[in-house]
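In full-length UniProt numbering, the protein residues as written are 1 to 170.
For glycine and all other residues, C-beta sits at the position ideal for the given N, C-alpha and C.
Since the structure comes first, as structure tokens, the remarks are kept for the end.
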Amino acid sequence: MKSTACFAAALSLVGSAVPASANEVAWRFYSAQDYPLSEWYSNLFADAKKDNMNEWWLFNKDTQQLRSNSNQRECLDAYPKDGKYWVHTWACDGANPNQRWHVDMANHRIQHATHPNVCLDADPTAPQHQAQVWECHSHDVNKNQYWSVVQEIGHLQRKDLLLTTTKTER
């Protein structure tokens, strides 16, 4: 227990992405091609691993929001436009139904909790490696909707050094 208290004290000194409450968990999502889902200026990508804060997400079990760890004021947001659904990050609002997600670890899927049959999708042939949302399909039909989850147990970051303890659900 003493080492846990020391670790927590160290995190409070240097800052961290450790969840703000017991209702949050820190996750990193990997596509079928083993690319992490990352946020960059409100856009979403599934691209080569960079081991930075852009690749971590905080899931709030109460609000079902996935908050970007690199920009903690923004959440994963799927919205309808022109008869299709689009995805980006947007200012977090617990009352916004566009920001509710179901992370189905058993089926390796990130499905929207409000919009019916909408799943997070990473097309490896997309030139910019941008993530998107698409109609949900089984993995034998669409491997682009397969996501494995790495849960952060704890981490310590100072400048360019990042030390992370994780648990993988693959």
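For S68, the CB contacts under 6 angstroms within the same chain, skipping 5 residues up- and downstream, are E39, E74 and T89 in chain order. H129 sits close to D47, with the two beta carbons spaced by under 7 angstroms. Residue pairing by DSSP places K81 opposite K84 in a beta bridge.
In the structure shown, the three-state DSSP call for P36 is strand. By a beta-carbon distance limit of 8 angstroms, Y85 contacts V133. Their separation comes to about 5 angstroms. Taking a contact as a CB-CB distance under 8 angstroms, the pair A78 and H108 does not count as one, their CB atoms being some 18 angstroms apart. The alpha-carbon separation between Y41 and D62 amounts to approximately 26 angstroms. In the three-state scheme derived from DSSP, where H, G and I count as helix and E and B as strand, N43 is classed as strand. Shortest Cα-Cα distance from P80 to any of Q65, V103, E24 and N117 involves N117. Contact annotation, V87 with V149: C-beta distance approximately 18 angstroms; criterion of less than 8 angstroms not satisfied.
In the DSSP assignment, E135 falls within the beta strand (DSSP E) that extends over A131 to E135. For the segment 104-130, not one full-length alpha helix (DSSP H) segment reaches 4 residues or more. Residue environment analysis places S31 among the buried positions, since at least 16 neighbouring C-beta atoms fall within 10 angstroms of its C-beta.
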